[in-house]
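In the order they appear, the protein sequences are chains U and Y.
Here the first sequence is numbered in the numbering used here, starting from 12 and rising by one per residue.
Here the second sequence is numbered in the numbering used here, starting from 12 and rising by one per residue.
Note that the Cβ used here is the ideal one computed from N, Cα and C, for glycine as well.
Quick caveat: nothing in here was measured; it's all calculated off a predicted structure.
Notes follow the structure.
Protein chains: 2
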Amino acid sequence: MHLIIDGYSENQEILKDEDLLAKWLESYPARIGMTRISTPYVVRYMGPELHDWGISGFVFIAESHIGIHTFVERNYVNIDVFSCKDFDAQRAIEDFREGLQLVKLRSCLIDRDWPQPESVAVNPPGFTYHE
Amino acid sequence: MHLIIDGYSENQEILKDEDLLAKWLESYPARIGMTRISTPYVVRYMGPELHDWGISGFVFIAESHIGIHTFVERNYVNIDVFSCKDFDAQRAIEDFREGLQLVKLRSCLIDRDWPQPESVAVNPPGFTYHE
């Protein structure tokens with residue numbers, strides 16, 4: 012299950028805080044029953060233009076990952092919570108809404124497991140199937 | 012632009028090769044015009060059951076990432092190519108098809124930029140918009 016969240020935060024201080032992001036990535040997987048298998052990786056990106064910068068963070072969980080990319084000057088953030096195991100997506104949305112103080116957000120849930128490629132019947136919509 | 016690829020490879024040797032995966036993540040961003048901003052991170056996951064193992068790899072590119080998760084015994088792989096900049100998704104699909112010897116694959120392209128949250132008119136379908 013791959014939960015995608017894009018949102019706008021009302022708090023730039025959160026979006027620029029590398030330590031906070033690292034701590035979140037370290038502790039969050041366990042809170043929703045995921046197994047973290049790496050330390051969090053966090054980098055600061057400075058783009059070619061002054062307004063173009065942000066923090067990116069990532070952590071491996073068992074066979075999948077959580078990733079966060081912030082665009083500080085736009086107050087914008089992209090979040091991916093991707094896990095082989097099912098998890099409570101609605102709770103994750105609320106956790107990120109609260110944790111990153113998102114005032115506007117959208118989400119999309121994608122089933123990344125594709126157990127029977129031979130069976131057209133189980134192919135979910137939204138994907139293009141390539142011969 | 013976030014390109015999701017799920018697929019089945021005919022070559023387990025590729026899916027279990029940590030070095031190959033790391034080299035791919037190191038060199039691939041430049042090939043499609045992306046700016047890599049970290050070294051590749053690659054981990055081997057051994058699950059609680061013998062058949063449950065694989066390689067996960069990840070690299071930061073400017074404000075986004077490429078991630079790969081392999082499930083060796085199932086010949087299955089999940090790939091994410093997520094970039095702020097536009098890139099040739101069709102080419103990326105073909106590159107991964109060839110590089111990982113995918114014999115069955117599906118893809119999904121998601122626009123992760125959400126420039127005007129106030130404007131309902133530009134909201135793409137596929138997302139749930141939260142108040």
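The beta strand (DSSP E) with U/Phe93 in it runs from where to where?
Residue numbering aside, residue 93 of chain U sits at position 82 when the first sequence is read from its first letter. U/Phe93 -> beta strand (DSSP E) spans 87-93.
Run down chain Y in chain order and give the residues with a C-beta less than 9 Å from the C-beta of U/Tyr52.
As a position in the first sequence, residue 52 of chain U is number 41, starting the count at 1. Within 9 Å Cβ-Cβ: Ser49, Tyr52, Phe69, Phe71.
Cross-chain neighbours of U/Gly110 in chain Y, by beta carbon under 7 Å
Position 99 of the first sequence holds residue 110 of chain U. In chain order: nothing, as chain Y lies at least about 15 Å away.
Secondary structure of Y/Lys115, DSSP reduced to three states:
Your numbering for residue 115 of chain Y matches position 104 in the second sequence. Reduced to three states, the DSSP call for Y/Lys115 is strand.
Using the beta-carbon count (16 or more within 10 Å), is Y/Ser75 buried or exposed?
Against the second sequence, residue 75 of chain Y aligns to sequence position 64. Buried.
Are the stretch 115-125 of chain U and the stretch 32-39 of chain U touching, with three or more C-beta to C-beta distances below 8 Å?
no
Verify the CB distance criterion: does U/Ser38 have a CB-CB separation below 9 Å to chain Y?
The residue labelled residue 38 of chain U in the question sits at position 27 within the first sequence. Answer no: the Cβ-Cβ gap between U/Ser38 and chain Y never drops below 9 Å.
Taking 9 Å as the CB-CB limit, is Y/His80 close to chain U?
Translated into positions along the second sequence, residue 80 of chain Y becomes position 69. Judged by the 9 Å Cβ criterion, Y/His80 is in contact with chain U.
Going by beta-carbon coordinates alone, are Y/Ser118 and Y/Ile48 separated by less than 9 Å?
In the second sequence, the residue the question calls residue 118 of chain Y occupies position 107. In the second sequence, the residue the question calls residue 48 of chain Y occupies position 37. Cβ distance not < 9 Å, so Y/Ser118 and Y/Ile48 don't count as in contact.
Whose C-beta lies closer than 8 Å to the C-beta of U/Asp106 among residues of the same chain, with five residues either side of it excluded?
Position 95 of the first sequence, counted from the first residue, corresponds to residue 106 of chain U. These residues qualify, in order along the chain: Tyr39, Arg42, Ile43.
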